[in-house]
Amino acid sequence: MRYPFPTGKNDFIQGNEAIARAAILAGCRFYAGYPITPASEIFEAMALYMPLVDGVSIQMEDEIGSIAAIIGASWAGAKAMTATSGPGFSLMQENLGYAVMTETPIVVVNMMRGGPSTGQPTLPAQGDIMQSIWGTHGDHMLIVLSPSTVQEAFDFTIRAFNLAEKYRTPVVLLGDAEIAHMRERVYIPHPDDVEVINRKLPESEEEHKLPFGDPHGDGIPPMPIFGRGYRTYVTGLTHDEIGHPKTVEAEIHERLIKRIYGKILGHREDIISYEEFELEDADVAIVSTGIVSRSAIRAVKMLREKGVKAGLLKLHTVWPFDFDMIEELAERVRKIYVPEMNLGQLYHLVKEGADGKAEVELIPKIGGEVHTPMEIAEKVVG
Amino acid sequence: MYFKSAYDIREKYLRKEMLPTIFCPGCGIGSALQYTLRAIDDLGMNPDEIVWVSGIGCSSRVPGYVNFDGLHTTHGRALAFATGIKLANPDLKIIAFMGDGDTSAIGGNHFIHAIRRNLDVTVILINNFTYGMTGGQVAPTTLRGLKGTTAPYGQFENPFDIAGLAVAAGANYVARWSVFNYIQGINSIKKALQKEGFTLVEFLSPCPVSFGRRNRMKTAPELLRWYQRITVPLNKAKKMPPEELEGKVVIGEFVDRDRPGLIKAYREYIKRAKKAMGWEE
Chain A
10 MRYPFPTGKN DFIQGNEAIA RAAILAGCRF YAGYPITPAS EIFEAMALYM
60 PLVDGVSIQM EDEIGSIAAI IGASWAGAKA MTATSGPGFS LMQENLGYAV
110 MTETPIVVVN MMRGGPSTGQ PTLPAQGDIM QSIWGTHGDH MLIVLSPSTV
160 QEAFDFTIRA FNLAEKYRTP VVLLGDAEIA HMRERVYIPH PDDVEVINRK
210 LPESEEEHKL PFGDPHGDGI PPMPIFGRGY RTYVTGLTHD EIGHPKTVEA
260 EIHERLIKRI YGKILGHRED IISYEEFELE DADVAIVSTG IVSRSAIRAV
310 KMLREKGVKA GLLKLHTVWP FDFDMIEELA ERVRKIYVPE MNLGQLYHLV
360 KEGADGKAEV ELIPKIGGEV HTPMEIAEKV VG
Chain B
663 MYFKSAYDIR EKYLRKEMLP TIFCPGCGIG SALQYTLRAI DDLGMNPDEI
713 VWVSGIGCSS RVPGYVNFDG LHTTHGRALA FATGIKLANP DLKIIAFMGD
763 GDTSAIGGNH FIHAIRRNLD VTVILINNFT YGMTGGQVAP TTLRGLKGTT
813 APYGQFENPF DIAGLAVAAG ANYVARWSVF NYIQGINSIK KALQKEGFTL
863 VEFLSPCPVS FGRRNRMKTA PELLRWYQRI TVPLNKAKKM PPEELEGKVV
913 IGEFVDRDRP GLIKAYREYI KRAKKAMGWE E
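So, in structure tokens, the structure goes:
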């Protein structure tokens, strides 16, 4: 297999470019997209690379079509991705729900920009955190990853594909305009060194018959692929284990949705990922995700220099959310600060997790600039 | 060939455990489905190489009743999903079963772009002039003056000619019949299934329950008789002045051509890319 970019070495590239290369190394061979700032470079890189690795890159008529195409491609056996920003992500919500309901592994990249509506197309924001979790209608569960560096954008993209395949679920990679366009050093591993997880195909008779069942008790049914004789019927309607629509039976709906919840929440330990900085003896904690974490790390260093026992919890997964971990943190620290580039989204999750055991304060910032370390540190000092 | 018993067709291709269907008495979807299955049977196609795709609506429930791989998707989006399936595995034959509202209203943009790309797909379009599943609202196909629950005093907008739209957007094969035109319908589907690129066979299909009874045609036979009155064969229509064609629906084969399909175009594109990189001669 020949790759259209150098591997096994460092490179100096944009976050968007890193995501495209990571996707290809993770086995992605189908990309459908629609131009949008600040995510277009992902598409442009995919357009350049995909034909060279015998994959598909196609420009759809809109973002609804883009996500529809990658879901179709996934059922035809391909690992598939699309990328967008706020306005496109809003359009994708319909079929994001379809992917949840039909348990289709796909990766959707949302490079956040200022919103609502067309907002600030070229500037970073974190206003889509709640949308990435709860944007589509109905009870649903998916995975949301949030990188803070170009290297993390690369690594988390590979992880996004692996989680999607392992748990038969859509995964949202939630970046922002800053990570999209920033150039940093990234290590692009040799393809042999990339851990790649592929979906399980039905093998036993039970697995074959019940593509929406729970043959192994882990909530994750092996996934049939079109054209291989499975004769699978896939529908966004509430369906039984076989896939037949059962739209009025309460117990079937409850069983299906609870299994979809359970296959993610039941594997929280495997899915949830975070990093701690100076938290062991911390008196105050900062909880952040995405680009803001970079300023938060620096703020912790500045605060420590001033003798303030500050620490940082840097979340790599936004969803599922580890409420218990936040509660445990709240029991140890006096106060938790949540800097984020919106008017309060992650803050509400942290507050729910803290459950009154520590005070939680939001440090909001909107308009298109990342918090400076000083802005965070000053708030903490008070 | 056409005289194989309907029971044989049912035995061979339907998921018996899914029957009975949700379709109302007098519905035309079963007829169009039967024609499609007969075409597949006549052509000796391998069911494991066919994927049925649909959006939302009565006709979109069809993939659930046939024993093939099937993707019952979101409203209007069937062809966008089909684009992904076909490009990811070009060996699969895609049949999209779609309704007139699904195709031309909410799915209008996906429809014209799938045709523009010449996506290799066969669309079986059920045109009943109404939104049957939701109870008989007017559709973009509802002819002027006809009633629906959302235009109770009669449709005041102009209707879409979906087959005409498909011809203009560049489809390789487009035909329209009523479900009454049994032989022509099967022959058209057979032709469509054997061609590359975008192919469409539209059927005027009775919906007595949601559409007919609001328009003084309470039964399927009344609707079929109405089709006989309003349909004009293409060669006859060509000789008629436009004012005489007002309120009529032209039936026949509108186009049959062989432009390269999307799969062929993309394969060429891969070659071009590798050549541009100096990877291949």
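Protein sequences, first through last, are from chains A and B. With the working numbering, the residue at position 47 of the first sequence is 56, and numbering never jumps. With the working numbering, the residue at position 31 of the second sequence is 693, and numbering never jumps. The C-beta atom is built at its ideal place from N, Cα and C for all residues, glycine as well.
Coarse secondary structure for residue i, derived from DSSP in three states
i: Ile273 (chain A); result: helix
i: Arg343 (chain A); result: coil
i: Ser850 (chain B); result: helix
i: Pro133 (chain A); result: strand
i: Ser297 (chain A); result: strand
i: Tyr12 (chain A); result: coil
i: Lys936 (chain B); result: helix
i: Phe52 (chain A); result: helix
i: Ser693 (chain B); result: helix
i: Ser716 (chain B); result: strand
i: Trp143 (chain A); result: helix
i: Ser302 (chain A); result: helix
i: Pro725 (chain B); result: helix
i: Lys210 (chain A); result: For the sequence presented, residue 210 (chain A) should be read as Leu rather than Lys. It is coil, neither helix nor strand.
i: Val841 (chain B); result: coil
i: Thr244 (chain A); result: strand
i: Ile684 (chain B); result: coil
i: Glu906 (chain B); result: helix
Contact list for residue i against chain B, beta-carbon separation under 7 Å
i: Glu70 (chain A); result: Asn771, His772, His775
i: Glu263 (chain A); result: Under the 7 Å cutoff, chain B gives no residues; its nearest Cβ is about 21 Å from Glu263 (chain A).
Residue i versus residue j - alpha carbon distance
i: Ile188 (chain A); j: Met69 (chain A); result: 25 Å
i: Glu216 (chain A); j: Asp762 (chain B); result: 37 Å
i: Asp920 (chain B); j: Asn780 (chain B); result: 10 Å
i: Thr881 (chain B); j: Thr792 (chain B); result: 15 Å
i: Gln856 (chain B); j: Asn25 (chain A); result: 42 Å
i: Glu1 (chain A); j: Asp63 (chain A); result: As displayed, chain A neither begins before 10 nor continues past 391, which places residue 1 (chain A) out of reach and without an answer.
i: Asp918 (chain B); j: Glu50 (chain A); result: 40 Å
i: Gly7 (chain A); j: Lys926 (chain B); result: Beyond the ends of chain A as shown, which are 10 and 391, falls residue 7 (chain A); an answer cannot be given.
i: Ile628 (chain B); j: Ser157 (chain A); result: Absent from the model: residue 628 (chain B). The displayed extent of chain B is 663 to 943, so no value can be given.
i: Gln160 (chain A); j: Glu679 (chain B); result: 51 Å
i: Gly770 (chain B); j: Asp764 (chain B); result: 8 Å
i: Ala742 (chain B); j: Ala77 (chain A); result: 6 Å
Per-residue contacts from residue i into chain A (C-beta, under 7 Å)
i: Thr680 (chain B); result: Looking at the sequence itself, residue 680 (chain B) is Met, so the reference to Thr does not match. Result: His253.
i: Ala767 (chain B); result: Chain A residues near Ala767 (chain B): none, gap ~14 Å exceeds 7 Å.
CB contact check: residue i to chain B, cutoff 8 Å
i: Tyr397 (chain A); result: Residue 397 (chain A) lies beyond the stretch modelled for chain A, which goes from 10 to 391, so this question has no answer here.
i: Tyr43 (chain A); result: no
i: Ala89 (chain A); result: yes
i: Phe39 (chain A); result: yes
i: Ala77 (chain A); result: yes
i: Thr244 (chain A); result: yes
i: Asn207 (chain A); result: no
i: Val65 (chain A); result: yes
i: Gly17 (chain A); result: no
i: Asp212 (chain A); result: As written in the sequence, residue 212 (chain A) is Glu, which differs from the Asp given in the question. Glu212 (chain A) does not count as touching chain B.
Within-8 Å CB hit, residue i to chain A
i: Arg672 (chain B); result: no
i: Asn780 (chain B); result: no
i: Tyr928 (chain B); result: yes
i: Asp764 (chain B); result: no
i: Val713 (chain B); result: yes
i: Pro725 (chain B); result: yes
i: Phe743 (chain B); result: yes
i: Tyr931 (chain B); result: yes
i: Gly732 (chain B); result: yes
i: Asn789 (chain B); result: no
i: Asn729 (chain B); result: yes
Nearest-angstrom beta carbon gap, residue j and residue i [assumed within contact, 8 Å]
i: Gly42 (chain A); j: Ala92 (chain A); result: 6 Å
i: Ile28 (chain A); j: Phe163 (chain A); result: 7 Å
i: Ala291 (chain A); j: Ala319 (chain A); result: 6 Å
i: Val243 (chain A); j: Gly732 (chain B); result: 7 Å
Residues that residue i contacts on chain A, provided the C-beta gap is smaller than 8 Å
i: Met939 (chain B); result: Pro13, Leu61
i: Ile747 (chain B); result: Gly81, Ala82, Trp84, Ala85, Phe235
i: Asp753 (chain B); result: Gly236
i: Asp710 (chain B); result: Gly236, Arg237, Gly238, Arg240
i: Lys936 (chain B); result: Pro60, Leu61
Closer than 8 Å at the beta carbon, the chain B residues around residue i
i: Gly21 (chain A); result: Note on identity: in this sequence residue 21 (chain A) is Phe, with Gly being the wrong assignment. Those within 8 Å of Phe21 (chain A) in chain B number zero; the least Cβ separation is about 22 Å.
i: Tyr107 (chain A); result: Thr735, Thr736
Proximal residues of chain A, C-beta to C-beta of residue i below 9 Å
i: Asn820 (chain B); result: What Asn820 (chain B) touches in chain A: nothing, since even the nearest Cβ is about 23 Å away.
i: Arg838 (chain B); result: Correct list: empty, because the minimum Cβ distance to chain A is about 24 Å.
Within chain B, the residues that residue i reaches when beta carbons sit closer than 9 Å
i: Ile73 (chain A); result: Thr736, Gly738, Arg739, Ala742, Asn771, His772
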